[in-house]
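Chains as they are written, first to last, in our numbering: chain A, 31 to 309; chain B, 990 to 1247; chain C, 11 to 334.
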Amino acid sequence: MKRFNLSKAPVGMKKYLSFFKIRFIAGLSYRSAAWAGVFTQFGWGFMTVLMFKAFYESSPESFPILFSSLSSYIWLQQALLAMFMFWFFDGEIFDSITSGGIAYELCRPCGLYAMWFVKNMAARLSNAALRSVPILLVAVFLPKPYGISPPDGILSAVLFLISLILGFLVLIAMSMLIYISAIYTLSSAGVRILATSAVEFLSGAIIPIPFFPDGLRAVIELTPFAAMQSTPFLIYSGHIDGDKAVFLIGVQLVWLAALGLFGVFAMSRALKRVTVQGG
Amino acid sequence: MRLYFKYLRMLVRSQLEYRESFIMTLLGQFLVSFSAFLGIYFILMRFHTVRDYTFPEILICFSSVLASFSLAECFARGFDAFPRLIKSGSLDRILLRPRGVAFQVLTSNLELSRAGRLLQAIFMLIYAVPRCGVVWTADKIATLAVMIAGGVLVFTALFILYAGFSFFTIEGLEFMNLFTDGVREFGQYPLSIYGEGVLKLFTYVIPVALFQYYPFLYLVGRSDDKRLALLPILGAVFILPCSLFFRLGLRRYKSTGS
Amino acid sequence: MIELNGVCKTFKVAKRNAGFREAAKSLFKREYTLINALSDVSFKIGDGETVGYIGPNGAGKSSTIKVMCGVLVPDSGECVIDGLVPWRKRKEHVRRIGAVFGQRSQLWWDVPVIDSLELIRDIYSVGEAEYKRTLSELVELLDIKDIIKTPARQLSLGQRMRCEIAASLIHSPKTLFLDEPTIGLDAVSKLAVRKFIKSINKSRGTTVILTTHDMQDIEAITDRIILIGRGRILLDGPLYELKGKGSEGKTIVIEYSGGGLPEIEGLTAVEDSGSHAKIAVDTALISVSEAIAAISSSVEIIDLSVSGQTVEELVASLYREFRI
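Laid out in structure tokens, this is it:
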């Protein structure tokens, strides 16, 4: 039973790193997928910018955010889509849960939570790494205010990077809960569908959070949903800065800790059930 | 045709075997398009109109596109899921049967659960039809029907094009999403709001505006030219070059066997 | 009548090297190698023949089958089956052939088998009377009466394979292609499938072309063997002729106690544990009875068995001989 105690699982970083590397190389070998992704996301971003341009021109006074900030937000969103799309789950993990293969996973000397976490990080990062650069490169050269503009100085760049990493970790910690719920329910389709639609909408993937009605917006800013892509992108674009940025990064930290701890706890409980049932 | 219905019956029966996942997918499709609706709702609460189009007008536009897309996705799912057919080797089996390839692909799959979006489209129509200021005479109703039907054919053509590309590249297929999912998403608004260039692209290259924008102008009374209502029929011709491309891909498949 | 003449086919395959740098490089540039899947493949198969088409994995078996089914168009060469070029007259051609792929199903997964069969009847436009006759014959011979009302996904592999075969024969094809029809089956199902294929060949005169790695399939079903390796036809002839080639060796397996094995010319101990031994006998030098007499004179034999070279070993030795 000792082995299943996750908090005491040996955490040698090296195996996670080599795990990460393998996943990364596998991702790199899909070259045409990467180019196709760049093309698609660029087109998508372009159309989104044009759409908001129509709204801006219809009534500029109702626009809740600078147009150039919005453009930066949209291009970051497209460039880093692979990192932040919530619906991207690892089918292998679900398969191992439903088929009972998870029992074998438990035999490896890695913490299962940490391993799944790294696996998800690697898959998303390897997809995003290839796609982001060309999209951002093109977006930089688009005429103002339709392209991406650099952040307002070093401080907001640093805050953005911190917040980006935290946001990414919060997203994965959240998606871990979906995997864990599958251990309990075995069929995860229902939870997955509900969670995906809700998270996508509330995290500002469909329309940016500043465009939400004011009352709702104030609440959502404090939820883990806004802590994913919205906070870093808005910090980058200068829509959020100074004390507010620091405060929202604090919110991200709190959610990361909460989701992470809850995930580890729920997982160890779920795994106890697995071992009690004998797989 | 009799054979087509036989296939359909078979596929429906297969789907009913998995009632739970059927309902889940149905619900999922509904929720996804519901959040798109919520997005439009929030934005129009703030702006009220976009380039003079009102919320109910936009809903008419959105729901007709969504209805077309989901119907096409239900019935032409075989083309949409075609890459899997190639990967699993089922295409070889299709080639071993003495019937047309396109016919067999069409009948290889049917996804009734995709109608979740259709449900959303119907709800939006019910909301928007009395509120958009259109006097629903027979010719207006016919226009809406032609728009939806023309849309089904254009989306089907796009799925065929997608299937055609999968003969050349499977992993690179993602770019076609811009023209299938993308048209569904950006077709929420009349295509003219994106500017002249985009409208031209979607008129002359991919004839989406022919069923989405021009007949819509006539429908909501922004133009009196009745000929606009017939443009979806012209748009449907798009299915010909797409089928030709599919055939080209099939020929390539037969010479490389992969 | 099947006639292949100088059929050639080349495939282009992307090369991929290990390592991060190589993966990144291949983003921009990719190298290809050409593989000759088929080079100058020619043979003739008459009506009603049963042919085993064998060769190791990747030898070109399935490419040849695909050409004969009209799914793959060769780069050069001719292929005429009953007067038709398969890929030119696809629909007419496939009406006359049936195909069973052991690893892929043609039955609709979620509906009862009988529904699949009826749909196939309509696809091939088989007349009602003929369908009924064929169906009752197949149902009886394959013993699937009790299972055709079950959805395909609930069948065991052996049951499913019997239904797959029935599905391939609903339209009474003149030629039947079988690609590893017994793969993964248990012994009883294997025997049933083999017996059925043989009988359908006898009663209807169906030409049978079989690819398999199971040499007992070959022994039970086919009269003729075509061996392919690296895209070339290496051997083509009746099975007995081939068997004659390799029958120069016998193997004696004994359990014994006491003493050591005799050292005589013509006897080689392949294995010897001191109580269990496998001895190869070169019958050109020493007869089996002489060998047994010699062994029993030096050790106490507890148990003994003699076996000839199996088709399995024969084929393995052929693969070695042709270095494929």
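Note that the Cβ used here is the ideal one computed from N, Cα and C, for glycine as well. Small disclaimer: the values here were computed from a predicted structure and weren't measured.
Excluding residues up to 5 positions away in sequence, I64, M225 lie with their Cβ nearer than 7 angstroms to the Cβ of V325/C in the same chain.
When DSSP reads this structure, C173/C sits in no beta bridge, so it has no partner. Nearest to P180/A by alpha-carbon distance, out of Y266/A, F50/A, V79/A, R299/A, is Y266/A. A direct Cα-Cα distance of roughly 6 angstroms separates G62/C from I219/C. In the displayed model, S267/C falls within a strand according to three-state DSSP. By the Cβ neighbour-count rule, I165/A is buried, with 16 or more other Cβ atoms within 10 Å of its own.
P1045/B does not reach chain C, its nearest Cβ partner there being about 42 angstroms away, counting only Cβ pairs nearer than 8 angstroms. Within the same chain, F1227, I1228, C1231 come within 6 angstroms of A1146/B by CB-CB distance, once the 5 residues on both sides are set aside. The Cβ atoms of P1204/B and L1180/B do not sit closer than 9 angstroms to each other. Here D1081/B is buried, its C-beta having at least 16 other C-beta atoms within 10 Å. Restricting attention to F242/A, V249/A, A300/A, G183/A, the CA atom closest to the CA of G268/A is found in G183/A.
According to DSSP, R242/C shares a beta bridge with G239/C.
Cβ atoms of T226/A and W117/A come within 8 angstroms of each other, at about 5 angstroms. In terms of Cβ geometry, L167/C and G137/C do not form a close pair [threshold 9 angstroms]. Remark: three or more beta-carbon pairs, one from each stretch, lie closer than 8 angstroms, so the region 274-284 of chain A and the region 190-207 of chain A are flagged as touching. If only uninterrupted beta strand (DSSP E) runs of at least 3 residues are considered, none is enclosed by the region 194-256 of chain A.
Burial check for W119/C: the Cβ neighbour count within 10 Å stays below 16, so the residue is exposed. A Cβ-Cβ distance of about 6 angstroms is found for the pair V17/C and V77/C, placing them in contact under the 8 angstroms criterion.
Listed along chain C, no residue sits closer than 8 angstroms to G1017/B by beta-carbon distance, the nearest being about 21 angstroms off. Straight-line measurement puts the Cα of F21/C at about 6 angstroms from the Cα of N46/C. Contacts with chain A at 9 angstroms (Cβ-Cβ) do not include L1150/B. Looking from the CA of G108/C, the closest CA among Q169/C, G270/C, A176/C belongs to A176/C. Against chain C, the CB of D1081/B has a partner CB under 9 angstroms away; the residue lies at that interface. In chain order, T192 place their CB closer than 7 angstroms to the CB of K200/C, counting only its own chain and leaving out the 5 sequence neighbours on each side. Under the three-pair Cβ rule at 8 angstroms, the region 1063-1075 of chain B counts as touching the region 1143-1160 of chain B. Scanning its chain for C-beta atoms nearer than 7 angstroms, with the 5 sequence neighbours on each side dropped, one finds around K71/C the residues Y63, G65, T221, I238, in chain order. The criterion of a C-beta distance shorter than 9 angstroms is satisfied by I158/C and I124/C.
In the three-state DSSP reduction, K22/C falls in the strand class (E or B). Under DSSP, G62/C forms a beta bridge with L220/C, I235/C. Within the region 102-181 of chain A, the complete alpha helix (DSSP H) runs of at least 4 residues fall at 111-114, 121-128, 132-135, 142-170.
With a cut-off of 8 angstroms on Cβ pairs, the region 245-260 of chain A is in contact with the region 221-236 of chain A, counting three or more such pairs. Secondary-structure assignment with DSSP links D189/C through a beta bridge to F111/C, T221/C. Segment contact: the region 1007-1019 of chain B against the region 1132-1142 of chain B, fewer than three CB-CB distances shorter than 8 angstroms; contact not assigned. DSSP lists I235/C as the beta-bridge partner residues of G247/C. In terms of beta-carbon proximity, W74/A lines the interface with chain B, with at least one pair separated by less than 9 angstroms. If you check the CB distance, L1199/B and G1224/B come in under 9 angstroms.
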